[in-house]
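A short worksheet on the structure shown next.
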Amino acid sequence: MKTPAIVSREALDRILPRVTQPARYAGHEWNAITKNWDAMDVRLALLYPDAYEIGMSNLGLMILYDLVNRQPDMVAERAYAPWTDMEAAMREAGIPLFSLETRHALRDFDLLGFSLQYELTYTNVLNLLDLAGIPIRAEQRSADDPLIIGGGSGAYSPEPMADFFDLFVIGEGEVALLQLLRAYQAAKRREGWSLEAKRRFLEQAARLPGVYVPSLYRVTYHDDGRVAQFAPLGSAPARIQRQMVTPLPPAPTRLIMPFIDTVHDRAVIELQRGCTNGCRFCQAGMIYRPIRERAVDEVVQTVDEMIAATGYEELGLLSLSSSDYSRIEELLKRLRERYAPEQLAISLPSLRTDAFSVSLAEMIQEGRKSGLTFAPEAGSQRLRDVINKNVTAEDLLNAARTAFERGWQHLKLYFMMGLPTETDEDIDAIADLVRQVLRVGREARGRRVEVNVSVATFVPKPHTPFQWLPLADLEVVADRQQRLRQALRLPGVKLNWHAPEATLLEAALCRGDRRLSRVIERAWRQGARFDAWQEHFDYQTWAGAFEAEGLDPQFYGSRLRASDEVLPWDHIACGVDRAFLWAEYHSALRAETTPDCRGGCQDCGLRACYELADCPPELAGQP
89 MKTPAIVSRE
99 ALDRILPRVT
109 QPARYAGHEW
119 NAITKNWDAM
129 DVRLALLYPD
139 AYEIGMSNLG
149 LMILYDLVNR
159 QPDMVAERAY
169 APWTDMEAAM
179 REAGIPLFSL
189 ETRHALRDFD
199 LLGFSLQYEL
209 TYTNVLNLLD
219 LAGIPIRAEQ
229 RSADDPLIIG
239 GGSGAYSPEP
249 MADFFDLFVI
259 GEGEVALLQL
269 LRAYQAAKRR
279 EGWSLEAKRR
289 FLEQAARLPG
299 VYVPSLYRVT
309 YHDDGRVAQF
319 APLGSAPARI
329 QRQMVTPLPP
339 APTRLIMPFI
349 DTVHDRAVIE
359 LQRGCTNGCR
369 FCQAGMIYRP
379 IRERAVDEVV
389 QTVDEMIAAT
399 GYEELGLLSL
409 SSSDYSRIEE
419 LLKRLRERYA
429 PEQLAISLPS
439 LRTDAFSVSL
449 AEMIQEGRKS
459 GLTFAPEAGS
469 QRLRDVINKN
479 VTAEDLLNAA
489 RTAFERGWQH
499 LKLYFMMGLP
509 TETDEDIDAI
519 ADLVRQVLRV
529 GREARGRRVE
539 VNVSVATFVP
549 KPHTPFQWLP
559 LADLEVVADR
569 QQRLRQALRL
579 PGVKLNWHAP
589 EATLLEAALC
599 RGDRRLSRVI
609 ERAWRQGARF
619 DAWQEHFDYQ
629 TWAGAFEAEG
639 LDPQFYGSRL
649 RASDEVLPWD
659 HIACGVDRAF
669 LWAEYHSALR
679 AETTPDCRGG
689 CQDCGLRACY
699 ELADCPPELA
709 GQP
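Structure (structure tokens):
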């Protein structure tokens with residue numbers, strides 16, 4: 089048995105003064121959990137493949153960290169992607185990637201769990217493995233190397249990363265991860281650990297609900313590059329069913345307190361999981377169905393424990409649509425009364441575009457009007473009907489008017505460009521809607537108002553009604569970005585947009601097959617790092633990697649798929665039927681809307697919505 093390596097404090101002291109934000113790597117934050125590493129049966133490192141301040145704001149990782157560390161014989165520690173200066177210093181000094189809690193080298197853990205939330209972090213995954221001294225490809229690892237697990241929304245389309253992972257957890261990790269860790273623990277106790285034992289364990293793990301082992305499947309391709317067949321080997325299931333938890337387990341309360349500012353530096357609790365709105369562009373709205381709410385009493389008690397354990401002065405009430413929480417007014421009233429002396433700031437990060445949401449915001453912001461965000465997504469009503477965004481221009485203008493009249497001076501509006509059936513007129517409609525919001529603001533507040541407009545380029549995501557559609561032509565998108573810039577050169581309006589090349593890469597990586605593993609590895613070896621950061625993204629590196637591997641990003645991102653085509657993610661069952669997605673796709677082409685699930689079951693195929701014991705009666709509708 090090898091002796092675990094621990095990175096010494098002296099070694100770190102020699103390099104930390106030379107890097108930016110050294111507190112990213114210091115560990116020992118308040119509420120971080122340190123256990124007797126040697127006494128643990130199962131040692132898991134949780135990794136977020138981005139900078140510390142991004143990863144520390146990820147609620148999913150907080151939940152799993154708390155869950156695993158509640159087990160008396162297991163430990164979970166953390167690591168994040170070192171910034172480029174720290175990576176260089178570590179490589180120069182021969183320091184391997186280590187955990188923040190005990191500074192153990194990551195290669196000495198039993199398992200490493202990566203949170204895959206965004207495709208442009210994928211090269212960071214390879215870089216973290218290499219920094220840890222672990223072979224990046226699963227087939228090259230020995231029995232001494234940790235098992236590499238992937239989870240998060242990226243695991244619903246895992247093929248581009250398949251060559252690098254031993255297995256993926258599909259769905260909500262609160263159940264699937266613990267089952268997997270217990271199975272690993274039992275396998276090790278039963279027969280020790282060797283390459284043969286590892287092989288047998290992976291075969292066993294593949295039979296667990298929600299676990300996908302890529303090495304147990306063979307993929308064949310047509311001559312034109314499309315996937316021909318996805319065949320399981322041995323007893324592996326043909327489709328992997330995602331895991332779902334109900335009711336939602338207790339939320340973590342002893343949140344780790346960072347030493348530096350993070351993206352969302354506040355206490356957070358998940359009010360509900362899932363969404364009933366049915367927006368056709370939204371992957372999260374499909375893969376996190378059905379909606380599951382926490383009771384008001386549970387939320388209040390959890391907040392009490394969380395604030396006592398952290399001292400935070402701001403609380404985020406998280407959900408895909410926080411204002412849709414069925415008892416949101418009652419909850420806000422109770423929290424305001426309870427924390428009035430402490431002046432606890434409360435935020436609702438995701439609000440509907442209506443005057444009711446403005447009233448909610450007024451309940452929690454009172455004298456301080458920091459800003460409001462609304463997401464109409466499209467400029468014209470026709471296009472909002474295409475994407476099933478059940479919001480009208482009147483809704484937005486009424487919300488804006490209410491906000492400005494009640495003291496807000498800054499609004500942020502989110503739109504998308506490159507949506508299915510989009511025309512130049514739809515882009516003009518964005519400009520017209522922004523001008524109307526600005527006019528409403530000036531009527532109420534004078535020339536002090538400001539409207540910030542963010543326009544993302546739409547990417548057709550797997551497991552949505554638009555999964556068959558191509559990415560919009562990037563030359564057309566660039567022309568329409570210029571058209572919008574010219575139309576919104578107005579005092580009081582600020583416009584932000586996405587680089588088209590980054591959008592093409594995102595589309596290729598989320599819609600690709602496992603041949604893209606070769607492209608990702610080549611791009612990483614050519615220096616690709618932190619691709620999600622504009623200052624580090626270099627599309628030419630990626631273009632060269634695609635060309636060298638004989639693949640074309642347009643084939644993956646910009647191609648219309650046939651109804652009977654085998655999609656690279658078809659073996660992952662998200663709970664929503666393919667037939668429902670196909671029907672919604674055609675409803676979109678006809679600009680026909682589908683009602684919110686609260687009005688009654690839309691027969692998406694999940695069929696679990698109305699069987700949930702914790703589903704409030706007012707959400708149940710009539711199936």
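For the sequence shown, our numbering assigns the number 89 to the initial residue and increments by one for each residue that follows.
Note that the Cβ used here is the ideal one computed from N, Cα and C, for glycine as well.
- With distances taken between CA atoms, A488 lies nearest to V525 out of A264, V525 and D520.
- Listed in chain order, the beta strand (DSSP E) runs fully inside the segment 289 to 318 are 305 to 309, counting runs of at least 3 residues.
- Around the C-beta of Y210, 16 or more other C-beta atoms lie within 10 Å, and the residue is accordingly described as buried.
- Taking the Cα of D218 as reference, the smallest distance to any Cα among G238, L194, G239 and E227 is reached at L194.
- The bridge partners DSSP lists for N146 come to none.
- Contact check between the segment 170 to 186 and the segment 95 to 112: three or more CB pairs, one atom from each, fall below 8 Å, which counts as touching.
- Put simply, the backbone Cα of T552 is about 13 Å away from that of G693.
- When the alpha-carbon of R533 is set against those of A316, A517 and R494, the nearest one is in R494.
- Put simply, of F347, F503, Y627 and A443 the residue whose alpha carbon is nearest the alpha carbon of A120 is F347.
- Ranked by Cα distance from P337, the options T480, I344, G148 and I258 are led by G148.
- For a cut-off of 8 Å, the C-beta gap from E381 to Y413 is around 6 Å, short enough to register as a contact.
- For E279, the CB contacts under 7 Å within the same chain, skipping 5 residues up- and downstream, are A285 in chain order.
- Taking all protein chains shown into account, W118 has fewer than 16 neighbouring C-beta atoms within 10 Å of its C-beta and is therefore exposed.
- In the structure shown, P464 adopts extended strand secondary structure according to DSSP, grouped into three states.
- Ranking Y300, A611, G632 and E589 by CA distance to the CA of Q622 puts E589 first.
- Remark: fewer than three beta-carbon pairs, one from each stretch, lie closer than 8 Å, so the segment 619 to 635 and the segment 662 to 680 are not flagged as touching.
- Under the criterion of beta carbons closer than 8 Å, L208 and D619 qualify as touching, at roughly 4 Å.
- Taking 8 Å as the cut-off, the Cβ atoms of A231 and S303 do not count as close.
- Here S411 really is in contact with F444; their C-beta atoms are around 7 Å apart, less than 8 Å.
- For M162, the uninterrupted beta strand (DSSP E) segment begins and ends at M162 to Y168.
- Boundaries of the beta strand (DSSP E) harbouring N540: E538 to T545, taken from the DSSP string.
- For the set D691, E653 and C662, the Cα lying nearest the Cα of A671 is the one of D691.
- Going by C-alpha positions, M174 is about 46 Å away from L484.
- Per the C-alpha coordinates, the member of L104, I222, G467 and A275 positioned closest to F252 is I222.
- Taking S646 as reference, the option from A596, D601, V565 and L152 with the minimal CA-CA separation is A596.
- Judged by beta-carbon spacing, V391 lies beyond the 8 Å limit of L439, meaning their Cβ atoms are not closer than that value.
- Short of 7 Å from the beta carbon of A481, and not among the five residues preceding or following it, lie these beta carbons of its own chain, in chain order: Q469 and L521.
- If you check the CB distance, G506 and F554 do not come in under 8 Å.
- Within the segment 361 to 414, the runs of alpha helix (DSSP H) at least 4 residues long that lie entirely inside it are, in chain order, 371 to 375 and 384 to 398.
- Residue pairing by DSSP places F256 opposite G238 and Y300 in a beta bridge.
- If one requires a minimum length of 3 residues, the beta strand (DSSP E) runs lying completely within the segment 506 to 576 are 538 to 545, in chain order.
- In the structure shown, V446 falls within a helical segment according to DSSP collapsed to helix, strand and coil.
- Taking a cut-off of 8 Å on C-beta distances, the segment 101 to 118 does not touch the segment 310 to 317, as fewer than three cross pairs fall below it.
- Excluding the 5 residues flanking it on each side, E594 has same chain C-beta neighbours closer than 7 Å at E207, L208 and V547, in chain order.
- Taking all protein chains in view, the Cβ of D514 is crowded by 16 or more other Cβ atoms within 10 Å, so the residue is classified as buried.
- Non-local C-beta neighbours of Y376 in its own chain, meaning closer than 6 Å and more than five positions away in sequence, comprise R361 and G362, ordered along the chain.
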